[in-house]
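Below is one structure, written out as C-alpha cells; comments come after it.
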Amino acid sequence: MTAPVIRDTTAAVPEGAPESRTRSLWRRWLRLARADRFGAAAVVLVAALAVVTVSGTWLAPYPAQGRGAADVAARNIAPGTAHLFGTDELGRDVLSRVMLGAGPALLLSVAVVGMAVAVGVPLGASAGYLGGWTDTVISRVTEFFQSFPPLLLAMVAVALLGPGRLDAGLALAVCWWPWYARLVRAEARSLRERPFVEAARSMGVPLPVILARHVVRNCVGPILVQVTVDLGSVILAEGSLAFLGLGAQQPSPDWGLMVEEGHASLFDAWWISTFPGLAIFVTVLGFNLLGDALRDLLDPRKARP
Numbered sequence: 001m002t003a004p005v006i007r008d009t010t011a012a013v014p015e016g017a018p019e020s021r022t023r024s025l026w027r028r029w030l031r032l033a034r035a036d037r038f039g040a041a042a043v044v045l046v047a048a049l050a051v052v053t054v055s056g057t058w059l060a061p062y063p064a065q066g067r068g069a070a071d072v073a074a075r076n077i078a079p080g081t082a083h084l085f086g087t088d089e090l091g092r093d094v095l096s097r098v099m100l101g102a103g104p105a106l107l108l109s110v111a112v113v114g115m116a117v118a119v120g121v122p123l124g125a126s127a128g129y130l131g132g133w134t135d136t137v138i139s140r141v142t143e144f145f146q147s148f149p150p151l152l153l154a155m156v157a158v159a160l161l162g163p164g165r166l167d168a169g170l171a172l173a174v175c176w177w178p179w180y181a182r183l184v185r186a187e188a189r190s191l192r193e194r195p196f197v198e199a200a201r202s203m204g205v206p207l208p209v210i211l212a213r214h215v216v217r218n219c220v221g222p223i224l225v226q227v228t229v230d231l232g233s234v235i236l237a238e239g240s241l242a243f244l245g246l247g248a249q250q251p252s253p254d255w256g257l258m259v260e261e262g263h264a265s266l267f268d269a270w271w272i273s274t275f276p277g278l279a280i281f282v283t284v285l286g287f288n289l290l291g292d293a294l295r296d297l298l299d300p301r302k303a304r305p
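In C-alpha cells, the structure reads:
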C-alpha cells in the first residue's frame with residue numbers, strides 16, 4: 001500500500017501573479033501590525049470613525065439633540081449616567097453631537113482631498129513629464145498658491161464665498177491641490193527617463209496613456225500616504241474655520257463649532273469644548289499614524305520574503 005501523495009497547492013500560484021502579490025501584501029501588513037502597535041491602533045481608530053460615520057444616527061443616545069434640538073431644562077449638565085459627555089448651554093447631549101459630527105467631518109475631508117487629487121495629480125504629472133514651458137507655467141501657479149498659508153488662503157476664499165460647510169470645503173480644496181501637484185511633479189521627473197517610459201514613447205503610445213498608465217500609476221504609493229495624512233489635516237482645518245465662524249453654522253453638529261460654543265465657559269462647563277476637541281485630536285492622530293504605517297507598508301526596501 002503506497003503512501004498518499006501530498007501536493008503543495010501553494011506552488012501552483014506563480015510568484016508574480018496577482019494572488020501572490022496580494023498574499024505578500026497581506027503578510028507584510030500583518031507583520032507590520034505586529035511590529036508597529038501604533039499603526040494597528042490607527043487602523044482601529046479609523047475603523048471606529050467609519051462605523052460612527054455610517055451608523056451615528058442609530059448609535060447616538062439622543063439623535064434629535066445631536067441634530068440641534070434644544071432641551072433648556074437640561075442645560076449644562078455635567079457628565080453622568082444620563083449624559084456621558086454632559087450637555088451644552090442649550091441642553092443638547094454632547095455625546096450625540098460628537099457622534100453625529102463625525103459623518104460630516106469625514107465626508108467633507110474625503111471630498112476636499114478628492115478634489116485636490118483630481119486637480120493636482122494631472123497637473124503635476126503633466127509638468128514633470130513634459131517639462132519646458134508647461135512645467136514653468138504650472139510650477140509658477142503652484143508656487144503662487146503655496147506662498148500663502150493654507151488656512152489664511154482658505155479664510156480669504158470663505159470670506160468671498162460666504163460662511164458655510166460647503167463653501168469651506170471648496171475653499172480648502174483650492175488650498176490643497178498644489179501639494180499634490182508638487183509631489184507628483186517630482187515623481188514624474190524621475191520617471192520620464194526610465195526605460196519602460198521611453199519604450200512606451202518609442203512605440204507611439206498616446207501621451208494621456210503614458211501619463212495615466214506609466215507615470216501616475218507609479219506615483220500611487222506616495223499619493224496614498226499623502227491622502228491619508230491630509231484627511232486628518234483637512235478635518236483640523238475645517239474645524240478651525242468653524243471655530244472662527246467661517247465654516248459650519250448652527251445648529252450643525254460640527255466639532256470645531258462645538259469647541260467655539262464652549263470655550264467661553266471652559267472653566268465652568270469644561271466638557272462642552274473638551275470632548276469635541278478630543279474627537280478632533282484622536283481623529284487627526286489616527287490618520288497620521290495610519291499614514292506612517294501605510295508608508296512603511298508600501299516601502300519596497302522594508303519588504304521581506
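With the working numbering applied, the sequence shown corresponds to residues 1 to 305, in that order.
Here a beta-carbon is modelled for each residue, glycine too, at the ideal position from N, C-alpha and C.
Nothing here was measured: the structure is a model prediction, and the numbers come from that model.
Exercise for review: Less than 8 Å between the CB atoms is what I'm expecting for Ala102 and Gly56, so what's the real figure, rounded?
Suggested key: The Cβ separation is near 6 Å, so the contact holds.
Review point. How should Asp167 be labelled, buried or exposed, when 16 other C-beta atoms within 10 angstroms of its C-beta is the threshold for buried?
Key: buried
**Study point:** For Gly124, the nearest candidate out of Val46, Arg192, Phe38 (CA to CA)
**Key:** Arg192
Exercise for review: Go to Val216, then tell me how far its alpha helix (DSSP H) extends in each direction, as first and last residue.
Suggested key: Segment: none, Val216 is in no alpha helix (DSSP H) and carries neither H nor E.
Point to revise | Inter-stretch contact (C-beta, 8 Å, three-pair minimum) for the region 110–118 and the region 282–299 | key: Cβ pair count under 8 Å is below three, so no.
Point to revise | Spatial distance of Pro63 from Asp93 (CA atoms) | key: 9 Å
Check your understanding: For Ala78, which of Phe267, Ile235, Ile280 has the nearest alpha-carbon?
Key -> Phe267
Check your understanding: Is Pro305 helix, strand or coil when you go by DSSP?
Key -> Low confidence applies to Pro305: its pLDDT is 43, below 50, so where it sits in the model is not reliable, and the reading given next is rough at best. Three-state DSSP puts Pro305 in coil, outside helix and strand.
Practice item. Go ahead and label Ala82 buried or exposed: buried means 16 or more other beta carbons lie within 10 angstroms of its beta carbon, across all protein chains shown. Key: exposed
Exercise for review: Check Asp135 in the structure and name its three-state DSSP category.
Suggested key: Here Asp135 sits in helix by DSSP.
Exercise for review: Name the one or two DSSP bridge partners that Asp230 has.
Suggested key: In DSSP, Asp230 forms no bridge with anything.
Exercise for review: Tell me, to the nearest whole angstrom, how far the beta carbon of Ile235 is from that of Val284; I am working on the premise that it is less than 8 Å.
Suggested key: 6 Å
Check your understanding: Around the Cβ of Thr136, are there at least 16 other Cβ atoms within 10 angstroms (buried) or fewer (exposed)?
Key -> exposed
Practice item. With a 10 Å radius around its C-beta and 16 neighbouring C-beta atoms as the bar for buried, classify Gln250 as buried or exposed. Key: exposed
**Study point:** Given Glu238 as reference, the closest of Ala212, Thr134, Gly66, Leu152 once Cα atoms are compared
**Key:** Leu152
Check your understanding: For the 8 Å Cβ check, are there 3 or more pairs between the region 195–205 and the region 63–76?
Key -> no
Check your understanding: Going by DSSP, what residues sit across from Thr87 in a beta bridge?
Key -> Asp93
Exercise for review: With DSSP as the reference, label Leu123 as helix, strand or coil.
Suggested key: helix
Practice item. Confirm, please, whether the CB-CB distance from Val229 to Asn288 is below 8 Å. Key: yes
Check your understanding: What's the call for Glu261, buried or exposed, on a 16-neighbour Cβ count within 10 Å?
Key -> buried
Point to revise | First through last residue of the alpha helix (DSSP H) which encompasses Trp270 | key: The continuous stretches of alpha helix (DSSP H) do not include Trp270, and DSSP gives it neither H nor E.
Practice item. Quick one: using the 10 Å Cβ neighbour count with 16 as the cut-off for buried, is Val174 buried or exposed? Key: Val174 counts as buried, since no fewer than 16 other beta carbons sit within 10 angstroms of its beta carbon.
Check your understanding: Along the chain, which unbroken stretches of the beta strand (DSSP E) at least 3 residues long are found entirely within the region 183–209?
Key -> none
Point to revise | For Phe145, the three-state DSSP class (helix, strand or coil) | key: helix
Practice item. Tell whether a beta-carbon distance below 8 Å holds between Leu95 and Pro149. Key: no
**Study point:** Same chain, Cβ closer than 6 Å to Leu207, five either side skipped, listed in chain order
**Key:** none
Exercise for review: Would you tell me roughly how many angstroms separate the C-alpha atoms of Leu45 and Gly232, rounded to the nearest one?
Suggested key: C-alpha of Leu45 to C-alpha of Gly232: approximately 12 Å in a straight line.
**Study point:** Per-residue DSSP class, three states only, for Ala78
**Key:** The answer is coil: DSSP assigns Ala78 none of H, G, I, E or B.
Check your understanding: Relative to the C-alpha of Val216, which residue among Gly204, Ser240, Leu241, Ser190 is closest?
Key -> Ser190
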